[in-house]
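The sequence shown begins at 3 in my numbering and counts up by one. For every residue, glycine included, the Cβ atom is placed at its ideal position computed from N, Cα and C. Working notes, beginning with the structure itself.
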Amino acid sequence: MAVARRKGGFGVLDFVAWLFAAALIVAFFKIPAHQSANGTLDFFRAKAETIQVWVGGLGDEFTFGDLFNGKAATTDSGGSTTPTSSAPEPVAANTASASVATLSTLTVAPAEQVAYNRDEWKHWITAPDSSSCWSIRDEALYRQAEDETLVLLDANKQTTTDKSSACSIQSGSWVDPYGGSTFTNPSDLDIDHVVPLDYAASHGGQAWDSTRKEQYANSLDDGHLLAVSASANRTKGAKGPSEWQPEVNGCTYAINWVNVSSKWSLSVTQADKDTLSSMLATCPTT
Numbered sequence: 003m004a005v006a007r008r009k010g011g012f013g014v015l016d017f018v019a020w021l022f023a024a025a026l027i028v029a030f031f032k033i034p035a036h037q038s039a040n041g042t043l044d045f046f047r048a049k050a051e052t053i054q055v056w057v058g059g060l061g062d063e064f065t066f067g068d069l070f071n072g073k074a075a076t077t078d079s080g081g082s083t084t085p086t087s088s089a090p091e092p093v094a095a096n097t098a099s100a101s102v103a104t105l106s107t108l109t110v111a112p113a114e115q116v117a118y119n120r121d122e123w124k125h126w127i128t129a130p131d132s133s134s135c136w137s138i139r140d141e142a143l144y145r146q147a148e149d150e151t152l153v154l155l156d157a158n159k160q161t162t163t164d165k166s167s168a169c170s171i172q173s174g175s176w177v178d179p180y181g182g183s184t185f186t187n188p189s190d191l192d193i194d195h196v197v198p199l200d201y202a203a204s205h206g207g208q209a210w211d212s213t214r215k216e217q218y219a220n221s222l223d224d225g226h227l228l229a230v231s232a233s234a235n236r237t238k239g240a241k242g243p244s245e246w247q248p249e250v251n252g253c254t255y256a257i258n259w260v261n262v263s264s265k266w267s268l269s270v271t272q273a274d275k276d277t278l279s280s281m282l283a284t285c286p287t288t
């Protein structure tokens, strides 16, 4: 016998569906406790970005559950947290005026056609003056983290406050110097070589022996290695400044690029030199 369909009214199932939908909306827009007015505004901006990406299509690394854990949607593997209005300037070894002078001394040459092999540039090695399980990657993350935010783990995956016995970083707070977003999960970050390994290889570095290549790939000098969003690092790839620039901190990026190129005697293309000159011209004069 056919069952007649209900043509009107508001039944129990409708009420349950309505409650479920309401719960989803409340969970999605739940504002964290103790949030300031500016923080609340940033929170809703992040949610708006999430909705925008959901409408346009989700990336492989973003799931339905991320709507409820504060993760902002991205279309790449970089992950994200709360966008900030600006990122603190990463440390630059030279002043802008010194970098302008140094830039003029760099050799200008087109990229060489070399057989670049990333495996020849061994990284990440054990960091100096540390436990055998603490790598250069860990050290770079440690140095760039915001004060008093790091949670360190020892060899047994137990939390520790003793850096000399630490083997990894569980969490912390990092502001991406290329995009300005704040990250708390170190796995969402890459360690970027400001002058990429591939670029260095095609601008004089391919002729180096394995020891010097390893030294370059793991150098902790100011401005050489930066913890940045994975998406920014992979978008940048091996591009020079004329092809890719960070969204923020362009002045410091140019200073660091010039500093690294000078220290390691790397050449630059004419286009990159011109771009670096323009970027340095944006630096504060005082």
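Using a Cβ distance threshold of 8 angstroms, determine whether the stretch 253-272 contacts the stretch 207-227, with at least three qualifying pairs required. yes
Could you name each continuous beta strand (DSSP E) segment of 3 residues or more that falls completely within the stretch 191-225, going from the start of the chain to the end? 191-195
Taking residue 273 as part of the alpha helix (DSSP H), name the residues at either end of that continuous run. Here the question's residue 273 lines up with position 271 in the sequence shown. From DSSP, the alpha helix (DSSP H) with residue 273 extends over 272-282.
So for residue 126, helix, strand or coil by DSSP? Looking up residue 126 in the sequence shown gives position 124. DSSP places residue 126 in coil when its eight states are reduced to three.
So which of 98, 97, 108, 104 has the shortest CA-CA distance to residue 272? For the purposes of this step, residue 272 is taken as residue 270 along the sequence shown, with counting starting at 1. Among 98, 97, 108, 104, the Cα nearest to that of residue 272 is on 108.
Three-state secondary structure assigned by DSSP to residue 61: As a first step, residue 61 must be located in the sequence shown, where it is residue number 59. Because residue 61 carries a pLDDT of 35, less than 50, the predicted location of this residue cannot be relied on, and the following value inherits that uncertainty. Correct three-state label for residue 61: coil.
Exposed or buried, which one is residue 214 when buried takes at least 16 other CB atoms within 10 Å? Position 212 of the sequence shown holds residue 214. Per the 10 Å Cβ criterion, exposed.
Check for me: the beta strand (DSSP E) holding residue 153 runs from which residue to which? If you number the sequence shown from 1, residue 153 lands on position 151. Taken as a continuous stretch (DSSP letters only), the beta strand (DSSP E) holding residue 153 covers 153-155.
Hey, out of 147, 231, 197, 252, whose CA is closest to residue 176's CA? In the sequence shown, counting from the first residue as 1, residue 176 sits at position 174. Among 147, 231, 197, 252, the Cα nearest to that of residue 176 belongs to 147.
Is residue 294 helix, strand or coil by DSSP? No answer is possible for residue 294: it lies beyond the span of the chain, which begins at 3 and ends at 288.
Please determine, among 187, 220, 180, 138, the residue with the shortest C-alpha to C-alpha distance to residue 199. Here residue 199 is taken as the residue at index 197 of the sequence shown, counted from 1. The candidate whose alpha carbon is nearest that of residue 199 is 220.
Report the rounded CA-to-CA distance for residue 165 versus residue 157, giving the unit in angstroms. Looking up residue 165 in the sequence shown gives position 163. Looking up residue 157 in the sequence shown gives position 155. Each residue's alpha carbon lies about 12 angstroms from the other.
Roughly how many angstroms separate the alpha carbons of residue 201 and residue 163, rounded to a whole number? Against the sequence shown, residue 201 aligns to sequence position 199. Against the sequence shown, residue 163 aligns to sequence position 161. Between residue 201 and residue 163, the C-alpha separation is close to 38 angstroms.
Take the Cβ of residue 281 as the centre, count every other Cβ of all protein chains shown within 10 Å, and call the residue buried at 16 or more, exposed below. Here residue 281 refers to the residue found at position 279 of the sequence shown. Under this definition residue 281 is a buried residue.
Near residue 248, which residues of its chain fall below 6 angstroms by C-beta distance, leaving aside the five closest residues on each side in sequence? To locate residue 248, count along the sequence shown from 1; it is residue 246. Within the same chain, residue 248 has close Cβ partners 180, 255.
What number of angstroms, rounded off, separates the C-alpha of residue 204 from the C-alpha of residue 195? As a working mapping, residue 204 is identified with position 202 in the sequence shown. As a working mapping, residue 195 is identified with position 193 in the sequence shown. Spanning the two alpha carbons is a distance of roughly 15 angstroms.
Run through the DSSP bridge pairs and tell me what residue 176 is partnered with. Along the sequence shown, one-based indexing puts residue 176 at 174. 185, per the DSSP bridge assignment.
Buried or exposed: residue 137, going by 16 or more other Cβ atoms within 10 Å of its Cβ? Sequence index remark: in the sequence shown, residue 137 carries index 135 (1-based). Buried: at least 16 other Cβ atoms inside 10 Å.
Please confirm whether residue 279 and residue 152 have their CB atoms less than 9 angstroms apart. What you label residue 279 is simply residue 277 of the sequence shown in a count that begins at 1. What you label residue 152 is simply residue 150 of the sequence shown in a count that begins at 1. No.
Note the first and the last residue of the continuous alpha helix (DSSP H) segment covering residue 1. This structure leaves residue 1 out entirely; the chain is present only between 3 and 288.
Span of the beta strand (DSSP E) holding residue 231? Numbered from its first residue, the sequence shown carries residue 231 at position 229. Its beta strand (DSSP E) spans residues 227-231.
Do you know offhand how far residue 30's Cα is from residue 161's? As a first step, residue 30 must be located in the sequence shown, where it is residue number 28. As a first step, residue 161 must be located in the sequence shown, where it is residue number 159. Only weak support is given to the placement of residue 30: the predicted model assigns it a pLDDT of 44, under 50, and the value that follows is read from those uncertain coordinates. Distance between the alpha carbons of residue 30 and residue 161: 32 angstroms.
Best match in 261, 192, 241, 259 for proximity to residue 143 [C-alpha to C-alpha]: The count along the sequence shown starts at 1 and reaches residue 143 at position 141. When each option's Cα is compared against that of residue 143, the closest is 192.
Using CA coordinates, which residue listed in 269, 119, 132, 170 is at the minimum distance from residue 197? Within the sequence shown, the letter at position 195 stands for residue 197. Measuring from the Cα of residue 197, the nearest candidate turns out to be 269.
Near residue 208, what residues of its chain come up, given a Cβ to Cβ distance below 6 angstroms and the 5 sequence neighbours on each side ignored? In the sequence shown, residue 208 corresponds to position 206, counting from 1. 116.
Pull up the CB-CB distance for residue 123 and residue 218, whole angstroms please, since I reckon it's below 8 angstroms. Stepping through the sequence shown from its first residue, residue 123 is reached at position 121. Stepping through the sequence shown from its first residue, residue 218 is reached at position 216. Contact holds; Cβ gap of about 7 angstroms.
State the DSSP-derived secondary structure class of residue 110, mapped to helix, strand or coil. To locate residue 110, count along the sequence shown from 1; it is residue 108. DSSP places residue 110 in strand when its eight states are reduced to three.
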